[in-house]
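**Student:** In our numbering, the protein residues as written are 679 to 853.
Where a beta carbon is used, it is the ideal one built from N, C-alpha and C, also for glycine.
Here you go, one structure.
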């Protein structure tokens, strides 16, 4: 029996994590540039008035991961970001395929052992918090993950169209 673990909708595509793997539908052709040449599809959502509206290039969910791949429940839909159970973040590029489907590419954070605790993504930028609490960000205008300097311990991030807000452990908001 298929168990749905998480579903996330973005501007033009939706992503679904299930017991059978990761699936996406909507516009799978629009690409964004992520660190070190990793391409990821811009994630898209259906129109609020009709499920699937404007999901013109892929109206039926397409498998993005092989059967048996264990994904952690971290998905964000501004840029296609997923976190594997080992704590590594991956960007999904549906145009890069093998026999099992689209191939997730690892996201480089400057250190191999950094690990990913949380992810947040918007239409034009994305952020990853590593296991040490450091925040890494990149955008359409700034490809390549850059460590965000000067922030104390980050508790949460909210990503808008062209900006982001961070909430630190003391309850202060940074923009």
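Look at residue 843 and residue 831 and say whether their C-beta atoms are less than 9 angstroms apart.
**Tutor:** Cβ atoms of residue 843 and residue 831: not closer than 9 angstroms.
**Student:** With 16 other CB atoms within 10 Å as the buried threshold, where does residue 697 fall?
**Tutor:** Result: exposed.
**Student:** Using DSSP bridges, identify the partner residues of residue 827.
**Tutor:** Looking at the DSSP assignment, residue 827 forms no beta bridge with any residue, so it has no partner.
**Student:** Could you say which of 828, 809, 802, 829 lies nearest to residue 816 if we only look at CA atoms?
**Tutor:** Of the listed residues, the one whose Cα sits closest to residue 816 is 802.
**Student:** Could you check if residue 776 is buried or exposed, using at least 16 other CB atoms within 10 Å of its CB as the buried criterion?
**Tutor:** Because residue 776 sits at a pLDDT of 48, beneath the cut-off of 50, its placement in the model cannot be relied upon, and the point is left open.
**Student:** Between the C-alpha atoms of residue 834 and residue 812, what's the straight-line distance to the nearest angstrom?
**Tutor:** Distance between the alpha carbons of residue 834 and residue 812: 12 angstroms.
**Student:** Using DSSP with H/G/I as helix, E/B as strand and the rest coil, what is residue 843?
**Tutor:** DSSP places residue 843 in strand when its eight states are reduced to three.
**Student:** State the beta-bridge partners of residue 796 as determined by DSSP.
**Tutor:** Per DSSP, 807.
**Student:** So, using beta-carbon positions, are residue 799 and residue 740 closer together than 9 angstroms?
**Tutor:** Contact flag unset, no.
**Student:** Between residue 828 and residue 808, is the Cβ-Cβ spacing less than 9 angstroms?
**Tutor:** In this structure, residue 808 does not lie closer than 9 angstroms to residue 828 by Cβ.
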